[in-house]
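Here this note's numbering is used: the first residue of the sequence shown is 7, the next is one more, and so on.
Ideal placement from N, C-alpha and C gives every residue a C-beta, glycine not left out.
These numbers come from a predicted model, not from an experiment.
Reviewing the structure listed below.
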Amino acid sequence: MHNGTHYRTCHLCEAMCGVAIEVQNGKVAAIKGDENDPLSRGHICPKAVALQDLHEDPERLRRPVRKTATGWEEMSWDEAFDLVARRLHEVRKAHGRNNIGVYLGNPNVHNHGAAMTITPLLRAIGSQNRVSATSNDQLPHMLASLEMFGHQVLFPIPDIDRTDLFICIGGNPMASNGSLMTVPDFRGRVKELRKRGGKLVVIDPRRTETARIADDFHFIRPGTDALLLMAMVHTLFAENLVSTGAATGLVKDQDLLQLAALSFTPEAVASHTGISADTIRGLARQLATTPRAALHTRMGTSTQAFGGTTTWLAYCLNILTGKLDAPGGVMFTQPAVDLVALGALVGQAGHFGNRYSRVRKLPEFGGEYPSSTMADEILTPGEGQIRAFVTVAGNPVLSNPNGQRLDEALAGLDFMVSVDYYLNETTRHADVILPPTAALERSHYDLIFSMMAVRNQAKYSEALFEPAPDSRHDWQINLELAHRLERQRKGGKLPLQAELGWQAFKKLGPDPILDVLLRTGPYGANPGRVGGVIKPVLDKVLGILPERHPLKGLARLSPLNPQWQHMPKGLSLSALKKSPSGVDLGPLQPTLPQRLFTRDGKINLAPRRYLADVERLQALLDQPEASASLQLIGRRHVRSNNSWMHNSQRLVKGKSRCTVIMHPEDAQNRKLEDGAQVQVQKDGRAVVLPLEVSDDIMPGVVSIPHGWGHSRPGTGQSIASAHAGASINDILDDTETDPVSGTSVLNGQAVEVKVWQTGAQSKQA
Ligand SMILES: Nc1nc2c(c(=O)[nH]1)N[C@H]1C(S)=C(S)[C@@H](COP(=O)(O)OP(=O)(O)OC[C@H]3O[C@@H](n4cnc5c(=O)[nH]c(N)nc54)[C@H](O)[C@@H]3O)O[C@H]1N2
Ligand SMILES: Nc1nc2c(c(=O)[nH]1)N[C@H]1C(S)=C(S)[C@@H](COP(=O)(O)OP(=O)(O)OC[C@H]3O[C@@H](n4cnc5c(=O)[nH]c(N)nc54)[C@H](O)[C@@H]3O)O[C@H]1N2
Ligand code: SF4
Ligand SMILES: [Mo]
Numbered sequence: 007m008h009n010g011t012h013y014r015t016c017h018l019c020e021a022m023c024g025v026a027i028e029v030q031n032g033k034v035a036a037i038k039g040d041e042n043d044p045l046s047r048g049h050i051c052p053k054a055v056a057l058q059d060l061h062e063d064p065e066r067l068r069r070p071v072r073k074t075a076t077g078w079e080e081m082s083w084d085e086a087f088d089l090v091a092r093r094l095h096e097v098r099k100a101h102g103r104n105n106i107g108v109y110l111g112n113p114n115v116h117n118h119g120a121a122m123t124i125t126p127l128l129r130a131i132g133s134q135n136r137v138s139a140t141s142n143d144q145l146p147h148m149l150a151s152l153e154m155f156g157h158q159v160l161f162p163i164p165d166i167d168r169t170d171l172f173i174c175i176g177g178n179p180m181a182s183n184g185s186l187m188t189v190p191d192f193r194g195r196v197k198e199l200r201k202r203g204g205k206l207v208v209i210d211p212r213r214t215e216t217a218r219i220a221d222d223f224h225f226i227r228p229g230t231d232a233l234l235l236m237a238m239v240h241t242l243f244a245e246n247l248v249s250t251g252a253a254t255g256l257v258k259d260q261d262l263l264q265l266a267a268l269s270f271t272p273e274a275v276a277s278h279t280g281i282s283a284d285t286i287r288g289l290a291r292q293l294a295t296t297p298r299a300a301l302h303t304r305m306g307t308s309t310q311a312f313g314g315t316t317t318w319l320a321y322c323l324n325i326l327t328g329k330l331d332a333p334g335g336v337m338f339t340q341p342a343v344d345l346v347a348l349g350a351l352v353g354q355a356g357h358f359g360n361r362y363s364r365v366r367k368l369p370e371f372g373g374e375y376p377s378s379t380m381a382d383e384i385l386t387p388g389e390g391q392i393r394a395f396v397t398v399a400g401n402p403v404l405s406n407p408n409g410q411r412l413d414e415a416l417a418g419l420d421f422m423v424s425v426d427y428y429l430n431e432t433t434r435h436a437d438v439i440l441p442p443t444a445a446l447e448r449s450h451y452d453l454i455f456s457m458m459a460v461r462n463q464a465k466y467s468e469a470l471f472e473p474a475p476d477s478r479h480d481w482q483i484n485l486e487l488a489h490r491l492e493r494q495r496k497g498g499k500l501p502l503q504a505e506l507g508w509q510a511f512k513k514l515g516p517d518p519i520l521d522v523l524l525r526t527g528p529y530g531a532n533p534g535r536v537g538g539v540i541k542p543v544l545d546k547v548l549g550i551l552p553e554r555h556p557l558k559g560l561a562r563l564s565p566l567n568p569q570w571q572h573m574p575k576g577l578s579l580s581a582l583k584k585s586p587s588g589v590d591l592g593p594l595q596p597t598l599p600q601r602l603f604t605r606d607g608k609i610n611l612a613p614r615r616y617l618a619d620v621e622r623l624q625a626l627l628d629q630p631e632a633s634a635s636l637q638l639i640g641r642r643h644v645r646s647n648n649s650w651m652h653n654s655q656r657l658v659k660g661k662s663r664c665t666v667i668m669h670p671e672d673a674q675n676r677k678l679e680d681g682a683q684v685q686v687q688k689d690g691r692a693v694v695l696p697l698e699v700s701d702d703i704m705p706g707v708v709s710i711p712h713g714w715g716h717s718r719p720g721t722g723q724s725i726a727s728a729h730a731g732a733s734i735n736d737i738l739d740d741t742e743t744d745p746v747s748g749t750s751v752l753n754g755q756a757v758e759v760k761v762w763q764t765g766a767q768s769k770q771a
């Protein structure tokens with residue numbers, strides 16, 4: 007585009023804001039909010055300008071590079087693909103396919119081309135040693151969805167636009183713009199909630215930006231949310247407040263849940279959580295008696311010692327109070343591309359514990375091991391040891407607990423390749439870096455976050471700029487690598503049919519597939535036609551199958567499902583192209599019971615693996631309430647995004663945000679002063695950071711943001727390096743995981759803080 011306004015979705019976080027990008031003389035002149043976007047209604051955050059900064063960043067890699075004795079050297083795409091496929095295949099041949107490790111990072115889910123082509127790449131690599139950011143993030147939510155609703159990505163999403171009570175636990179949407187809840191303009195939506203007489207309640211160990219706009223705020227001791235929620239469940243049963251609403255007749259094992267909560271009285275958990283028994287009862291009563299209410303938990307409750315159990319209980323509370331599937335409660339979405347139904351169709355509804363990792367015997371989830379065991383698998387000798395590594399859009403050296411150890415592990419590999427456009431803390435270990443096009447050079451459709459939006463909508467954005475000459479999209483890189491690896495495996499040549507399949511996929515790319523998915527989806531231009539052909543056949547097949555057969559779920563596929571019949575129709579890629587600000591598909595709709603994917607069609611309120619964890623929760627009550635050490639938690643800031651947006655001058659300017667926040671009492675006890683350099687340490691690992699003394703944090707708790715620590719040598723992000731900060735993950739212990747889900751404990755680990763003395767032992771000094 008040379009001149010004019012380009013409308014698209016900002017892909018940087020989960021909020022999916024509509025942006026209007028003004029282009030003059032082929033360059034970005036301004037980035038504003040798109041008032042016509044049905045979801046974001048003009049809202050953007052300060053990070054939106056980084057779309058331009060990322061695009062123009064001279065340090066963003068544009069050509070494949072290879073590491074040589076004298077530094078990085080550019081190479082042609084063909085050479086790069088050949089080298090990577092050959093080296094990976096050599097490792098595979100010499101040791102076995104599981105000796106290649108794969109790490110998938112967060113930006114993959116913000117990129118439909120990457121998302122659609124990652125499976126072929128993983129299949130071509132063929133390794134079971136796969137990990138991703140999931141186990142440092144939303145895994146407990148996926149597990150609860152799988153256990154209770156039968157599908158790993160069927161998330162109950164707060165219907166915030168119609169709720170009158172929003173209880174937010176362990177999330178800070180004012181900074182993060184929401185998570186597992188695509189909610190652009192959280193502030194505006196809370197204003198509207200207030201206007202209709204509603205209330206926002208926040209529960210967090212820190213008085214966050216979200217807490218500041220809340221009606222009620224309660225400090226909670228990190229890692230004790232499961233106690234709070236258990237006591238709320240207890241209260242509901244004790245006070246006869248259980249009323250399951252739309253889920254009535256669908257829930258099972260309610261009595262087991264009641265039994266599990268029996269001993270967790272509000273009095274029993276009050277001192278451990280730091281929340282009074284009266285407050286706990288009040289919370290339970292408010293949730294039960296407010297007809298339109300939603301309880302939402304996020305990062306702070308999922309990436310902690312009781313991540314699995316806490317998330318389960320949060321789901322239970324919404325169900326027990328009749329908030330599931332109720333307008334203003336928590337609802338399942340109906341996205342235009344129904345990945346929930348499609349996932350079930352191709353056998354991807356989810357699985358857990360089908361196999362265990364080699365070294366620490368941690369369970370896989372959806373085919374991935376917990377990423378906290380990545381370093382073990384690289385460093386521990388023996389059969390199956392990872393010798394080669396592939397990272398796609400990830401920076402685990404900064405994002406994974408015990409990043410220092412992973413850093414060392416990656417340095418010792420036989421071969422490593424990174425699909426990434428930055429030379430950063432992780433990719434500096436690669437032998438070859440394959441950089442994709444920048445976001446503005448490709449089309450965008452939010453496959454993943456449309457599934458989590460507080461309102462159904464669909465939006466397609468065309469590429470704003472032509473891809474730079476001789477560049478490749480993520481999807482092209484993934485497919486080309488996959489194709490060459492498959493060829494290698496088959497001795498250099500594929501059967502004609504397979505070869506033609508690869509050629510066709512590589513030629514078409516993701517958008518024609520997207521078109522088919524849109525057309526055949528619930529709002530599609532052709533759902534009836536597809537359904538009309540398949541339905542009679544399918545009905546016959548399903549009729550023969552026994553009652554509990556997993557394929558029974560097929561009947562719930564969108565085009566075949568009677569509930570979709572009322573949907574507005576006509577979506578296709580070309581239809582979306584005519585509405586560049588997006589198409590509104592209306593508020594969330596009730597979907598029970600059709601949307602359940604459990605074999606018996608029931609919601610399981612008391613899955614065994616959670617019941618088995620109740621004993622550990624009980625044991626928490628036997629431990630002393632406070633300890634001498636401090637509990638470390640994370641935090642996000644609206645001008646930062648994980649580890650990779652610190653090379654934008656506009657975002658990092660000003661006072662450093664990578665600080666340790668500590669309560670005045672704790673500072674006084676340790677004779678620490680505001681602004682002092684302090685050393686935060688754990689098990690001999692340490693980082694040094696400036697101290698911020700504030701009563702916005704609970705006594706006994708300290709907070710450090712993640713994603714910083716750009717002082718490692720050999721990276722190529724000079725602005726980030728000039729604002730290095732230190733990585734919280736350098737001190738976090740990678741062996742601390744939630745035993746129920748395998749998720750990393752990123753919040754609540756015990757640390758010590760003391761004055762930093764020059765010469766003190768610290769790698770960050
Ligand atoms: N202590 C602590 N640790 C945490 C968290 C925390 O709260 N506390 N949060 C966790 C969470 S929620 C997450 S999601 C993870 C994130 O963990 P990661 O996904 O490992 O880390 P990111 O910082 O998102 O790094 C993204 C990488 O992708 C590259 N990239 C960006 N866009 C693209 C693209 O379009 N294509 C390709 N190929 N590459 C791209 C960037 O250059 C960068 O290298 O961190 C987790 N780690
Ligand atoms: N600006 C910005 N936006 C982002 C990102 C970013 O890095 N920066 N990252 C994106 C990603 S990948 C994700 S997953 C989302 C995450 O989005 P959110 O889930 O909103 O994540 P955080 O802002 O880290 O909020 C976690 C909150 O949990 C609190 N907490 C810590 N421990 C506990 C505990 O034990 N109990 C309770 N109740 N609370 C606790 C912390 O104090 C913090 O306020 O944000 C996304 N959006
Ligand atoms: S909140 Fe900011 S970063 Fe997230 S989508 Fe909106 S503009 Fe982009
Ligand atoms: Mo995340």
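For C322, the enclosing alpha helix (DSSP H) begins and ends at G313 to L326. The C-alpha of V398 is placed about 11 Å away from the C-alpha of T432. Between ligand 2 and N183, a heavy atom-to-CB distance of less than 7 Å is present. Sequence-distant partners of V248 (beyond 5 residues in either direction) whose C-beta falls short of 7 Å from its own C-beta, in its chain, are L242 and L326. When distances are taken from the beta-carbon of A35 to the heavy atoms of ligand 4, even the shortest one reaches 7 Å or more. Fully enclosed alpha helix (DSSP H) runs of no fewer than 4 residues occupy 402–405 and 409–417 of the region 394–476, in order along the chain.
With a cut-off of 7 Å, the C-beta of N112 is classified as near ligand 4, since at least one heavy atom of the ligand falls inside that distance. Bridge pairing for R605: absent [DSSP]. Of the candidates F192, A632, A54 and P599, the residue whose Cα lies closest to the Cα of G255 is P599. Inclusion of M305 in the 7 Å shell around ligand 2 follows from its C-beta lying nearer than that to a non-hydrogen atom of the ligand. Taken through DSSP and simplified to helix, strand or coil, F161 comes out as coil. Per DSSP, the continuous beta strand (DSSP E) segment holding K73 begins and ends at V71 to T74. Within the model, the alpha-carbon separation for F192 versus L582 is close to 26 Å. Counting only residues of its own chain and dropping the five nearest sequence neighbours on each side, P670 has a CB closer than 8 Å to the CB of V699, S700 and D701. Its Cα nearest to that of V97, the residue G132 stands out among A86, V207 and G132. Here S733 is near G715, since their CB atoms are less than 8 Å apart. The straight-line gap separating the alpha-carbon atoms of E472 and T443 is approximately 10 Å. Distances from the CB of P190 to the heavy atoms of ligand 3 include at least one below 7 Å. Just so you know, the alpha carbons of D480 and R364 end up roughly 31 Å apart. Close CB contacts of V71 within its chain, under the 6 Å cut and outside five residues either way in sequence, are with W78, E80 and I439 (chain order). In this structure, V684 places its C-beta atom within 8 Å of the C-beta atom of V666. For the pair R642 and Q503, the Cα-to-Cα distance works out to about 49 Å. Bounds of the alpha helix (DSSP H) holding S277 are P272 to T279. Less than 8 Å separates the beta-carbon of M704 from that of R227. Each residue's CA atom was taken as its position, placing A86 and L500 some 21 Å apart. The beta-carbon separation of V34 and H61, rounded to 7 Å, stays under the 8 Å limit for a contact.
Here the distance from the Cβ of H643 to the nearest heavy atom of ligand 2 is below 7 Å. For A692, the enclosing beta strand (DSSP E) stretches over residues R691 to V699.
In summary, L416 is buried, with 16 or more beta-carbon neighbours lying within 10 Å of its beta-carbon over all protein chains present.
With respect to the 8 Å criterion, L594 and D63 are not classified as neighbours on the basis of their beta carbons.
In the DSSP secondary-structure assignment, I106 is bridged to A394. Secondary structure at H12: strand, using DSSP grouped into helix, strand and coil.
At a cut-off of 3 residues, the continuous stretches assigned as beta strand (DSSP E) that sit fully inside the region 89–139 are 106–110 and 136–138.
Judged by their CB atoms, G176 and M305 are nearer to each other than the 8 Å cut-off.
Here the residues close to ligand 3, judged by CB distance below 5 Å to any of its heavy atoms, are C16, L18, C19, A21, C23, I50, C51, K53, A54 and N183 in chain order.
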